[in-house]
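Asker:
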Amino acid sequence: MSKFCNATLAGFLLAASLSGQAAGQLVRVGGDSAAPITLRGTVIGPVASGSKAEGTFSETYHLKLSQPIRLDGSAACGLRKVSSLALSQDGMDRLKGRAVTVQARVFCQEDRGVAYRLADITVL
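If you count by mature numbering (1 follows the signal peptide of the UniProt record, and there is no 0), then the sequence shown holds residues -22 to -1, 1 to 102, one letter each, in order.
#1: Just the Cα atoms here: how many angstroms apart are Phe85 and Ala77?
#2: Would you identify the three-state DSSP class for Leu41, choosing helix, strand or coil?
#3: Within the continuous beta strand (DSSP E) that includes Val101, where are the two ends?
#4: I'd like to know whether the C-beta of Ala53 is nearer than 8 angstroms to at least one C-beta of chain C.
#5: Compare the beta carbon distance of Gly19 and Ser36 with 8 angstroms and say whether it is the shorter of the two.
#6: Check for me: the beta strand (DSSP E) holding Lys59 runs from which residue to which?
#7: Once DSSP output is grouped into helix, strand and coil, what is the label at Ala1?
#8: Which value, in whole angstroms, describes the spacing of the CA atoms of Met70 and Tyr39?
#9: Put Arg18 into one of helix, strand or coil per three-state DSSP.
#10: Restricting to Cα atoms, I'd like to know which of Gln87, Ala97, Ala93 and Ala53 is closest to Ser61.
#11: Can you give the beta carbon distance from Ala97 to Leu17, rounded, assuming they're within the 8 angstroms contact cut?
#12: Would you check if the distance between the CB atom of Gly91 and the CB atom of Gly51 is smaller than 8 angstroms?
#13: Considering only residues of the same chain and omitting the five flanking positions on each side of Gly42, which have a CB-CB separation below 6 angstroms?
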């Protein structure tokens, strides 16, 4: 391959990787009155987390996001890049394995391993 082709290919690959990084949008998270956001992904699980000994153990279904996002809130969760979020709502088992778009409120749950989760979920 010529140097020009190599340089063009390298530039294309760099541009593609940067556009994927930009997809990790920053979402500000704030309290119980936070506005819902729309996310797309696949429902997986149940995923076990926490510790039985500490009383933080749980098994929940997660939304494995099609693109990672960055969440930032003033609570203990702080700034985090996430590729999946727990679905804190009953009935999510019926969606296991399905690609879905949801509208939900993101919140920081400090008493279960300090993690961002989704609540008030509506499947679109």
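All C-beta atoms, glycine included, are put in the ideal place defined by N, C-alpha and C.
Answerer: Walking through what the data contain:
#1: 22 angstroms
#2: strand
#3: Ala93 to Val101
#4: Within the model displayed, chain C is absent; a lone protein chain is all it includes.
#5: no
#6: Arg58 to Leu65
#7: Caution is warranted here: a pLDDT of 49 is assigned to Ala1, below 50, making its placement in the model unreliable, and the coordinate value is therefore given only provisionally. Reduced to three states, the DSSP call for Ala1 is coil.
#8: 6 angstroms
#9: strand
#10: Ala93
#11: About 13 angstroms; that fails the 8 angstroms criterion.
#12: no
#13: Correcting the residue identity first, residue 42 is Lys in this sequence and not Gly. Answer for Lys42: Gly19, Thr20, Ile22 and Ser62, listed in chain order.
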